[in-house]
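Student: Chains as they are written, first to last, in this note's numbering: chain P, 1 to 423; chain Y, 1001 to 1280. Submitted below is the structure of interest, expressed as structure tokens.
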Amino acid sequence: MSSLKVSALALALALSACAPVAPSPAPPTEAGATTGTGDSPPGYAGQAWDDILAEARGQTVDFYMWGGSDVINRWISGPVAEHVFTTYGVTLNLVPVSDAPEFINKVLSEKQAGRTAGSVDLMWVNGENFRTLREGELAYGPWAGFLPNSALVDWSDPSVANDFGYPVDAYESPYGKAQFVMIYDTARVPEPPRTVANLLAWIRANPGRFAYAAPPDFTGSAFVRHVCYHVAGGYEPLLGAFDAQVFAQKVAPCFEQLQALEASLWRAGETYPESRARMQDLFANGEIDFDMAYNPAEASSLIAQGRYPATARTFVFDEGTIANTHYLAIAFNAGDKAGAMVVANALLSPELQLSKADPSGWGDLTVLDPQRLPVEWSDRFAALPRGPATLSDAELSARRLPELQSDWLAAIEAGWIEHVLQK
Amino acid sequence: MPALLTLVVLFGGGLALALAQSLGYWPALGRETLSLDVYRLVLSEPEFWPALGFTLWTAGLATVGSLILGVAGALLLRAAAPGLGLTSWFAQLNLPVPHSVGAVMILLLLGQSGWLARLAAAFGWIERPVEFLILTHDPWGLGIVVEYVWKSAVFVAVSAWAALAAVDADYDSVARTLGASGWRRFTSVTLPLLRPALIGAGTLVFAYTFGSFEVPLLLGQRYPSTLAVLAYRDYVAIDLDRRPAALALSLLITAVTGAVALAGWVAQRRLASETGETSR
């Protein structure tokens, strides 16, 4: 299962209704002739954004994406499709799949068959899938920097410029964000430990009250990475391509720590919750005092559903928590590249990003940098209703850590299974 | 015939594709050589053997438990003779409940924050629900076995009841007039009569529980887990390279269940020819 699917699933948990598109007060960079900072994409040398808009008119963009969430599907085929059709004359055709490898395999077979005007235009990807696309030379690009709205993105943020540690290099355009948060109950733990070191100390002082889902569960695996970042003295040594020596030196001690921690865990570490869903049950039933999630709004949503106590809150570690971004990519042989770029640009517009972030709909975090937005727009993002347990964008974005490359992820998960679980 | 064809094409085709991919044949990723590397890898992984042991243990215990409870149920049914309507109602009692739902029910009932734990805490037998006996996600797989037995015992009971109903009730009366005790009648009359039905039902229960994945996933501890859970984890791993390992594991599971089914069939055949000879 792709990480995209899991994060999308986590995000989808918070959903209840379809978000209407916000009424539009003249979006600043929506349809203008300005381009982003990047060079013209391959095949469009010397052309301006307006030329791409002109070519896109009348095209049908086949958007392949994980289709497991009704609320996301409705948002795409409703407000987004209407918006790009009425504004740019682009028809958006949603093609839902159960997992990203399905359309990657499709593009791969088209490449093998030598098909030039391919059937896949736009794809929703991240992490491992993006790497597969890049290494198989299945992705078109670089193009993302050419989008006018890419100027609203903070490309110096490592969690945007790197997709699970793999450089984006304008081969995909950011679409939304997820960030790891810890969940606790103020009625049980009035003042939570706000650093990894303090949390580890808290666990040792309160045996049996803490658990994390066993990797490769997406969230549990992220928790293990936070501990490993802490033990390695920061994420920096682990960035870049996988290095067995660094792994042995910096990550192996992390397994020792987690192994030593077992005695203080729920069930003395003899077993681990197998999934995020089980973690939710344990937390809701008061068997454990902390939960964790990749969607910062999830705790609020669970409170609203009556599953979590009204006193549940979230926090991020002072040293930061892992954030990742999900993206849009264009197939190397897409038949409607101009249309795909226009749709990607529209999805990056303040208008649609705001509609996507509405907690009554998808509630996905925006990838736009509030400081690059005109005040009227940053105010509207700040004014989005936010549940009682959701941290502010400012607090979240000030504490973002990058993901590691998927080789590191796989090695950490395998190492955890070997040195912690099976010990 | 069309039904059989569909079965052969869909099932056989799936099996053939799985076999091909487990041998490393995956043209979409440019891999076209066949080898046993994946099987070697799977068998050399430290998690495999404990998982095989745990799978045999839970499936074996569940089979024995279902047979014992099932036979007891069949005898009760025969003694109470509730009539066909009530019997078939009993038979369908838990039939429509999927195993995954059954597993969640067991969790709600027996878990440490489950119904019984809360009841025990409410009665003051334990101070807090979490002090309740560990019956799910436990090292012995008790939660898993309880779920399987709950579901399969009814199936065994109905098979055994049907077998008892099909033979002449006079056997029992004759044994009684010959002065056989209740236990003696059970071991030397009822059980031999039931044997073919029990072998059949037991084989099915074992084969099913050996390959089933949702119950151990929901009620089992994380390590060791069963082979089917290992296969599932490999199948959904981020790393596409784990996909062939998942298929290799699934085929190993298929091989074991196939062997068990064959053994059950042979045992039944042998029994049939034996009883055929003695009655001649």
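Glycine is no exception: its CB is placed at the ideal position from the N, C-alpha and C atoms.
P/ASN93 lies in the beta strand (DSSP E); which residues open and close that run?
Tutor: Walking along the first sequence from the start, residue 93 of chain P turns up at place 93. Taken as a continuous stretch (DSSP letters only), the beta strand (DSSP E) holding P/ASN93 covers 91-97.
Student: Only counting runs of 4 or more residues, tell me where the alpha helix (DSSP H) segments fall wholly within the segment 1147-1210 of chain Y, in order along the chain.
Tutor: Listed in chain order, they are 1170-1177 and 1182-1185.
Student: So if I threshold CB-CB distances at 9 Å, which residues from the segment 283-314 of chain P count as touching chain C?
Tutor: Included in the structure are the protein chains P and Y, with no chain C among them.
Student: According to DSSP, is Y/LEU1019 helix, strand or coil?
Tutor: As a first step, residue 1019 of chain Y is located in the second sequence; it is residue number 19 there, counting from the start. Here Y/LEU1019 sits in helix by DSSP.
Student: Could you please give the first and the last residue of the uninterrupted alpha helix (DSSP H) stretch that includes P/TYR272?
Tutor: Residue numbering aside, residue 272 of chain P sits at position 272 when the first sequence is read from its first letter. Run containing P/TYR272: none; DSSP gives neither H nor E here.
Student: Identify, in the order they occur along the chain, each residue of the same chain with its Cβ nearer than 7 Å to the Cβ of Y/ALA1074, setting aside the five sequence neighbours on each side.
Tutor: Stepping through the second sequence from its first residue, residue 1074 of chain Y is reached at position 74. The answer, listed in chain order, is ALA1157, ALA1160, TRP1161 and LEU1164.
Student: DSSP three-state label for P/GLN179, please.
Tutor: Reading the first sequence from its first residue, position 179 is the one you call residue 179 of chain P. It is a strand residue.
Student: According to DSSP, is Y/VAL1266 helix, strand or coil?
Tutor: Taking the first residue of the second sequence as 1, we reach residue 1266 of chain Y at position 266. Of the three classes helix, strand and coil, the one that applies to Y/VAL1266 here is helix, per DSSP.
Student: Got a sec? Which residues, its chain only, sit under 8 Å from Y/ALA1180 by beta carbon, not counting five neighbours each side?
Tutor: As a position in the second sequence, residue 1180 of chain Y is number 180, starting the count at 1. If we look at Y/ALA1180 and ignore the five residues flanking it on each side, its Cβ neighbours are SER1188 and VAL1189.
Student: Can you list, in chain order, the residues of the segment 150-180 of chain P whose Cβ is nearer than 7 Å to any Cβ on chain Y?
Tutor: The segment 150-180 of chain P vs chain Y, Cβ under 7 Å: nothing.
Student: Between which two residues does the beta strand (DSSP E) containing P/HIS326 stretch?
Tutor: The residue you call residue 326 of chain P lines up with position 326 of the first sequence. Unbroken beta strand (DSSP E) run through P/HIS326: 321-330.
Student: Any beta carbon from chain Y within less than 8 Å of P/LEU328's own beta carbon?
Tutor: Sequence index remark: in the first sequence, residue 328 of chain P carries index 328 (1-based). Output row for P/LEU328: interface = no.
Student: Along chain Y, in chain order, which residues have C-beta atoms closer than 8 Å to that of P/THR325?
Tutor: By 1-based counting over the first sequence, the position of residue 325 of chain P is 325. Here the premise fails: no neighbours, minimum Cβ distance about 17 Å.
Student: Examine chain Y for any beta-carbon lying closer than 8 Å to the beta-carbon of P/PHE255, and answer yes or no.
Tutor: Taking the first residue of the first sequence as 1, we reach residue 255 of chain P at position 255. Taking Cβ atoms only, chain Y never reaches closer than 8 Å to P/PHE255, which makes this a no.
Student: Pull the bridge partners of P/LEU365 from the DSSP assignment, please.
Tutor: Looking up residue 365 of chain P in the first sequence gives position 365. According to DSSP, P/LEU365 bridges with P/LYS177.
Student: Tell me P/MET292's beta-bridge partners as DSSP assigns them.
Tutor: Taking the first residue of the first sequence as position 1, residue 292 of chain P is located at position 292. For P/MET292, which the question treats as bridged, DSSP gives the partners P/MET182.
Student: Count the other CB atoms, across all protein chains shown, that sit within 10 Å of the CB of P/LYS423; report buried if there are 16 or more and exposed otherwise.
Tutor: Translated into the one-based positions of the first sequence, residue 423 of chain P becomes position 423. The residue in question, P/LYS423, is exposed, as its Cβ has fewer than 16 Cβ neighbours within 10 Å.
Student: Out of curiosity, what's the CA-to-CA distance linking Y/TYR1148 and Y/THR1063?
Tutor: The residue labelled residue 1148 of chain Y in the question sits at position 148 within the second sequence. The residue labelled residue 1063 of chain Y in the question sits at position 63 within the second sequence. Distance between the alpha carbons of Y/TYR1148 and Y/THR1063 is about 8 Å.
Student: So for Y/VAL1009, helix, strand or coil by DSSP?
Tutor: On the second sequence, position 9 is the one that residue 1009 of chain Y refers to. In the structure shown, Y/VAL1009 sits in a helix (DSSP, three-state: H, G or I).
Student: Is the beta carbon of P/ASN333 less than 8 Å from the beta carbon of P/GLY136?
Tutor: Residue numbering aside, residue 333 of chain P sits at position 333 when the first sequence is read from its first letter. Residue numbering aside, residue 136 of chain P sits at position 136 when the first sequence is read from its first letter. Contact: no.
Student: Buried or exposed: which applies to Y/GLN1221, given that a residue is buried once 16 or more other Cβ atoms fall within 10 Å of its Cβ?
Tutor: Counting from one through the second sequence, the residue named residue 1221 of chain Y turns up at place 221. Buried, because 16 or more other Cβ atoms sit within 10 Å of the Cβ of Y/GLN1221.
Student: Give a yes or no on whether 8 Å exceeds the smallest Cβ distance from P/GLY415 to chain Y.
Tutor: Position 415 of the first sequence, counted from the first residue, corresponds to residue 415 of chain P. Chain Y, which has no Cβ nearer than 8 Å to the Cβ of P/GLY415, makes this no.
Student: What are the start and end residues of the beta strand (DSSP E) that includes P/VAL61?
Tutor: Numbered from its first residue, the first sequence carries residue 61 of chain P at position 61. P/VAL61 -> beta strand (DSSP E) spans 60-66.
Student: Measuring CB atoms only, is the segment 1205-1218 of chain Y touching the segment 1238-1257 of chain Y, in the sense that at least three cross pairs come out at less than 8 Å?
Tutor: Short answer: they touch.
Student: Can you list, in chain order, the residues of its chain whose CB lies under 6 Å from that of Y/LEU1217, leaving out five sequence neighbours each side?
Tutor: Within the second sequence, numbered from 1, the residue matching residue 1217 of chain Y stands at position 217. So the list reads VAL1229, once near-sequence residues are dropped.
Student: Cβ closer than 8 Å: which chain Y residues qualify as neighbours of P/GLU270?
Tutor: As a first step, residue 270 of chain P must be located in the first sequence, where it is residue number 270. Going along chain Y in sequence order, the residues near P/GLU270 (Cβ under 8 Å) are PRO1139 and GLN1221.
Student: Could you round the C-beta distance between P/TRP66 and P/ASP99 to whole angstroms and report it? I think they count as a contact, below 8 Å.
Tutor: Counting from 1 along the first sequence, the entry for residue 66 of chain P is found at position 66. Counting from 1 along the first sequence, the entry for residue 99 of chain P is found at position 99. The Cβ separation is near 7 Å, so the contact holds.
Student: So which of P/THR60, P/THR325, P/THR219 and P/GLU319 has the shortest CA-CA distance to P/PRO193?
Tutor: If you number the first sequence from 1, residue 193 of chain P lands on position 193. Closest by alpha carbon: P/GLU319.
Student: List, in chain order, every chain Y residue whose beta-carbon is nearer than 7 Å to that of P/GLN422.
Tutor: As a working note, residue 422 of chain P is residue 422 in the first sequence. Within chain Y, the residues near P/GLN422 are PRO1046, GLU1047 and TYR1223.
Student: Check the Cβ-Cβ distances between P/ALA214 and every residue of chain Y, and say whether any is below 8 Å.
Tutor: One-based indexing of the first sequence puts residue 214 of chain P at position 214. Yes, because at least one Cβ of chain Y sits closer than 8 Å to the Cβ of P/ALA214.
Student: Determine the DSSP secondary structure at P/ALA56, reduced to helix, strand or coil.
Tutor: Here the question's residue 56 of chain P lines up with position 56 in the first sequence. If DSSP states are grouped into helix, strand and coil, P/ALA56 belongs with the helices.
Student: Taking 8 Å as the cut-off, decide whether the C-beta atoms of P/ARG307 and P/ALA284 are in contact.
Tutor: Numbered from its first residue, the first sequence carries residue 307 of chain P at position 307. Numbered from its first residue, the first sequence carries residue 284 of chain P at position 284. Contact: yes.
Student: So is P/GLN249 buried or exposed if we call it buried at 16+ other beta carbons inside 10 Å?
Tutor: As a first step, residue 249 of chain P must be located in the first sequence, where it is residue number 249. Classification of P/GLN249: exposed, given that the 10 Å Cβ count is below 16.
Student: Short of 7 Å Cβ to Cβ, which residues in the segment 1088-1120 of chain Y face chain P?
Tutor: If the cut-off is 7 Å between Cβ atoms, the segment 1088-1120 of chain Y has GLN1112 and SER1113 near chain P.
Student: Could you have a look at Y/GLY1026 and say whether DSSP puts it in helix, strand or coil?
Tutor: Here residue 1026 of chain Y is taken as the residue at index 26 of the second sequence, counted from 1. Here the sequence assigns Trp to residue 1026 of chain Y, which means Gly is not the residue at that position. Here Y/TRP1026 sits in strand by DSSP.
Student: Answer with buried or exposed for Y/ARG1269, where buried requires no fewer than 16 other C-beta atoms within 10 angstroms of its C-beta.
Tutor: The residue given as residue 1269 of chain Y occupies position 269 in the second sequence. It counts as exposed.
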